[in-house]
Each structure stands twice: as C-alpha cells, then as structure tokens.
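Residue numbers (my numbering): 153 to 378.
Beta carbons: idealized from backbone N, C-alpha and C, even for Gly.
Some notes on the structure that comes next.
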C-alpha cells in the first residue's frame, strides 16, 4: 500500500542524504519520481546534502498545490512512482494535506523529510501536520552531536555565535555558520536550555553552565609560640 512517511531529525543528521539515497535506489530500479524542496543550501531547484550530492528538484512556492502538480504531470504523459519532499517543515498544513491526497487518491508513495521543531523548541506547522497525517513516522538514527559530545536534540539559532530565542520562525542559514551574523547549531537539551553554544562555551567567560569552584582554603596558622 502507498504510504505518507515523515522522516524527522535535528539539523545535520543526514535527512537530505537519505532523501537522495531513496531517489538513487528507486531510479536505479527504473522507477520515476518527483523531487520537491525549498530553500536548499545549493540554491533554488536543488536538493543537496553536505556530502556533496546534488539532484534537480522543483522549488516549492507558497502557492504550490502538490496534488494538482502531480496530476498535471501524469495527464501530460509523465510518470510518477514516488514523491520526495525535503525541508518539509516549511510546508503549509494544507500542502501536507495535498500530499496525503497524492497517496490516497493517486496511489503514490510520498517521502517527506524535515526537522520537527524550530529554534524555540516549537513544532513547525508543516511538521505538526505531517505527524498528524503520516502513515509512518521515522526518526533518523544518525545522531548529530552537540559541541559537548552528547546527542543533539534541539536546533538553535545563533547571532554572532550567541543563541537567540526570539525572531521569525523561518530565517535561512546553515549548520556550522557559527561566526556569521545568523547561523544555526544543534545542541543537547541541557545546553539549549542554558543557551550555551560552541562559541559562547569557548569564550572563557563564566556562564551559568559553569559551576563556581571554592578557592583553596588558606594554610592553617602556625601555633602560637610559647
């Protein structure tokens, strides 16, 4: 049976790489698919991974209707055995519902990839609707790591390397751009709660994450001489 599958994980955990692997495996078996993405790091109409792999894709505009787009393609004689959507967190809820109709009414598998929560730990509307409608939810097993070495569970937005918790939900940036004006970083929950990024942790200033250390007690005074 065709499925709507949502693959989720933090930034830098290999979502786009898996999307490209699924595309490779199916196209190698003679299947034809459609790839959609939005705001990819490689530019408009591209699906890319940090490993250097790139594929052509349809750039998702706010007014794109997935069901109508696929139907037009099929009506024109095209073939679509599966649909891949990267950066699915940016979809509007109604676009997720269109993907569900592609599965139910057209009998086509849909594989959506995206992060679940934003830099404020709030669900993206698109991700929330995918969780509500998907036939299957998959959490990627490749663990992104916080700067401390623990498993990263939260996405953080940084400005000049310092974590921020206010601003628009969507601002395009990239993992690792810690010293640019706006960047993103993955953190464990402990350091996300304390707003301690790799840059601020290496600044050398005392932070709430650093416990104070008692100064060494002075040596005991010598006994009084008699």
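Straight across, the Cα-Cα distance linking residue 352 with residue 229 is about 56 Å. Going by DSSP, residue 315 is part of the beta strand (DSSP E) stretching over 314-316. Of the candidates 182, 223, 215 and 336, the residue whose Cα lies closest to the Cα of residue 272 is 336. The Cβ atoms of residue 305 and residue 345 lie no closer than 8 Å to each other. In the DSSP assignment, residue 153 is bridged to no other residue. Residue pairing of residue 188 in beta bridges, as defined by DSSP: 210 and 237.
Contact between residue 236 and residue 174 holds, with the beta-carbon distance rounding to 6 Å and staying under 8 Å. Spatial neighbours of residue 207 in its own chain (CB-CB distance under 7 Å, excluding positions within 5 residues in sequence) are listed in chain order as 172, 175, 187 and 199.
Note that the C-beta distance between residue 190 and residue 222 is not below 8 Å. Between residue 154 and residue 317 the beta-carbon gap is near 40 Å, outside 8 Å, which marks them as no contact. Exclusion of the five residues before and after residue 297 leaves 304 as the residues of its chain whose Cβ lies within less than 6 Å of its Cβ.
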